[in-house]
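This report concerns only the one structure given below.
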Amino acid sequence: MDEYLEKLLSQIRSKKARPFIEEEIRGHIEDQIAENLKNGMSPDEARAAAVRDMGDPVQAGISLDTVHKPQTAWGLLAFVALISGIGTFLQMEISRQLGDGTSYMDGTQYVFFVMTGIVLMSIVQYVDYTRIAAYAKWIGAAILLVGGYAVLFGSMANGSLYYITIGSYHISSPFLGFIYVPLYGAILYQYYGQGYRGLLKSLIWMLLPVVILGRANSISMTFSFAICLSVVLTLAVAKGWFKVSKWKVLTALWSVVLLLPILGLFLLYKLQILAPYQIMRLKTFATGGGEAGYVTAALRESYQSLTWIGAMDQQAGAKLPDLNADYIFTYLWSEYGILAGILLCCLLGILLVLVFGAALHQKNELGFMMGCGCGTVFLTQTGLNIMINLGLFPACATSLPFLSAGGGNILLSYTLMGIVLSIYRYKNIYPRFFGRRAVSSLLR
């Protein structure tokens, strides 16, 4: 049997897949040996017959090699290239029409970050996601330290977001913090099979970044971040990663996630802890008046002048700040018509389907969870941004993945996509579970 396995495995080019293929084939042979022994064969005859039934080792190895090899998600890459091209076109047009002094980031800066993001995505794509998972706690701890540093020593903008300054560029640390979401899925995997003790550790890893991000005074971003982490934890509990009562845990989790922000806002308002602009923003959205609500009012007013094709009468940039960042979706349909906005929504929808599809078709549980974490971030950011642009949610800091200006947003989008591509690349390499193998043992 060992000689047969050696010949078969020599045909497998992926070294990462060999131990799992060996385990699977050895299991088949041993099962067949046991069946042959039940049929009255001697041990030697049973082994010889079992190996013979497996067929030619070279041909079997070649067949397995065509399946168990790294793959590239060409369709997903094509969509990323398409949306990147659309983003570049829009950013250049905004810079040309409004001038550098009016936009959040000029077109050349956007292109610089896109090129940097593509390089980063390419690097992450070829990094085995299990290696990222093996260091998930260390990377997560580093992100927490960076977030803490940004809160204590970072730059401040509009009373809420903290920035880390690198040369002449300012990168939003909260946006970069969303990289923590897929890492959180890998951290949860390290507590697989544990009970309430493992769940408690998972909650601590969830609460720490939420508290740090909350210190940045960005209520909407903190809430969306907490939602992303809660979705990942929900998937882990629902799939039976923890030996706990699923119904009780999930009911308690979402009761806290949905009710605590309401109670927290009420207490912050009564204790006068909220910044004045935050209080005015909430009052304005509720009442529809006030100076702080001019953005929401301008968005709703602009709908009256929209056309199906072509630019509206009044330029959107006349009333909206950061047009190429938070409100690039509004710029698109005010400049090119409602159909252009619908088309962009369809493209983003297809991108989300491809991202979640890469995760859902991933048989490995670890890859599934990390992929869903990336998809949840994209879905949350896209949904929140579009709702704000439609005037359905209070105006706050947000971004449209791949399209909005901002170094942190751009680097985040391409890094998350790199993780998704890595998961897809190794989807036929790893089994559903690693069995007794710890994630860290994959480094050997």
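According to our numbering, the residues represented by the sequence shown are 364 to 807, in order.
A virtual CB, placed ideally from N, CA and C, is assigned to each residue, including glycine.
Worksheet item: Taking the C-alpha atoms as reference points, what is the distance between Phe588 and Leu372?
Response: 44 angstroms
Worksheet entry | Stretch-stretch touch, CB-based, cutoff 8 angstroms, three pairs: the region 683-700 with the region 768-780 | yes
Worksheet entry | Buried versus exposed, by CB contacts within 10 Å (16 or more), Gly540 | buried
Worksheet entry | DSSP-derived helix/strand/coil call for Arg389 | helix
Worksheet item: Where in the region 556-618 do unbroken runs of the alpha helix (DSSP H), each at least 4 residues long, occur, reported from the N-terminal end onward?
Response: 559-577, 582-601
Discussion item. Can you tell me whether Lys790 is buried or exposed? The criterion is at least 16 other CB atoms within 10 Å of its CB, across all chains shown.
Written reply: buried
Practice prompt. Find the nearest neighbour of Cys737 within the set Ile575, Leu562, Leu779, Gly450, judged by alpha-carbon distance.
Written response: Leu779
Worksheet item: What does a CB cutoff of less than 8 angstroms around Leu440 pick up in its chain, not counting 5 residues either side in sequence?
Response: Leu784
Item to complete: Take every Cβ of the region 721-738, pair it with every Cβ of the region 543-556, and state whether three or more of those distances are shorter than 8 angstroms.
Response: yes
Fill in: Asn748 - containing alpha helix (DSSP H), residue span
728-752
Discussion item. In whole angstroms, give me the CA-to-CA distance for Tyr498 and Gly673.
Written reply: 50 angstroms
Item to complete: Taking 9 angstroms as the cut-off, decide whether the C-beta atoms of Ala327 and His431 are in contact.
Response: The shown model of the chain, from 364 to 807, leaves out residue 327, and the question about it has no answer.
Worksheet item: Given Gly558, which residues of its chain have a CB within under 7 angstroms of its CB, disregarding the five upstream and five downstream residues?
Response: Phe605, Lys606, Val607
Discussion item. Using a Cβ-Cβ cutoff of less than 7 angstroms, which residues in the same chain neighbour Val594 once the five nearest sequence positions on both sides are dropped?
Written reply: Thr739
Worksheet entry | Outcome for Arg807 when other beta-carbon atoms lying within 10 angstroms are tallied against a minimum of 16 | Since pLDDT at Arg807 reaches only 45, below the 50 mark, its modelled position is unreliable, and no value is offered.
Practice prompt. For my contact list, Pro420 and Lys370 are in at a C-beta cut-off of 8 angstroms; report their separation, rounded to the angstrom.
Written response: 4 angstroms
Worksheet item: Would you report the Cα separation of Ser447 and Gln422, rounded to the nearest angstrom?
Response: 43 angstroms
Discussion item. Tell me the rounded alpha-carbon separation between Leu453 and Leu445.
Written reply: 12 angstroms
Item to complete: Answer with buried or exposed for Cys735, where buried requires no fewer than 16 other C-beta atoms within 10 angstroms of its C-beta.
Response: buried
Worksheet item: Can you tell me whether DSSP reads Met417 as helix, strand or coil?
Response: coil
Practice prompt. Apply the 10 Å Cβ neighbour rule to Gln667 and answer buried if 16 or more other Cβ atoms are within range, or exposed otherwise.
Written response: exposed
Fill in: Lys378, DSSP secondary structure in three states
coil
Discussion item. Can you check which of these residues, Val612, Lys602, Val574, Tyr699, is closest to Leu562 by C-alpha distance?
Written reply: Val612
Item to complete: With a 10 Å radius around its C-beta and 16 neighbouring C-beta atoms as the bar for buried, classify Met750 as buried or exposed.
Response: exposed
Fill in: Neighbourhood of Met404 by C-beta distance below 8 angstroms, restricted to the same chain and skipping five residues each side
Ala412
Worksheet item: What whole-angstrom Cβ distance do Met584 and Leu576 have, given they're in contact under 8 angstroms?
Response: 7 angstroms
Practice prompt. Consult DSSP for Ala760 and reduce its assignment to one of helix, strand or coil.
Written response: coil
Worksheet item: What separation, rounded to the nearest whole angstrom, lies between the Cα atoms of Ile590 and Trp617?
Response: 9 angstroms
Worksheet item: Can you tell me whether Cys759 is buried or exposed, with buried defined as 16 or more other CB within 10 angstroms of its CB?
Response: buried
Worksheet entry | Between the CA atoms of Ser697 and Leu662 - distance to the nearest angstrom | 10 angstroms
Worksheet item: Helix, strand or coil: which one does DSSP assign to Met484?
Response: helix
Worksheet entry | Anticipated Cβ contact below 8 angstroms, Ser776 with Gly480, distance rounded | 7 angstroms
Discussion item. What does the alpha-carbon distance come out to for the pair Ile425 and Arg788?
Written reply: 19 angstroms
Worksheet item: How about Phe756 and Leu714: do their beta carbons lie closer than 9 angstroms?
Response: no
Worksheet item: For the alpha helix (DSSP H) that contains Thr693, what are its first and last residues?
Response: 691-699
Discussion item. Whole angstroms are fine: how far does the CA of Tyr367 sit from the CA of Leu711?
Written reply: 49 angstroms
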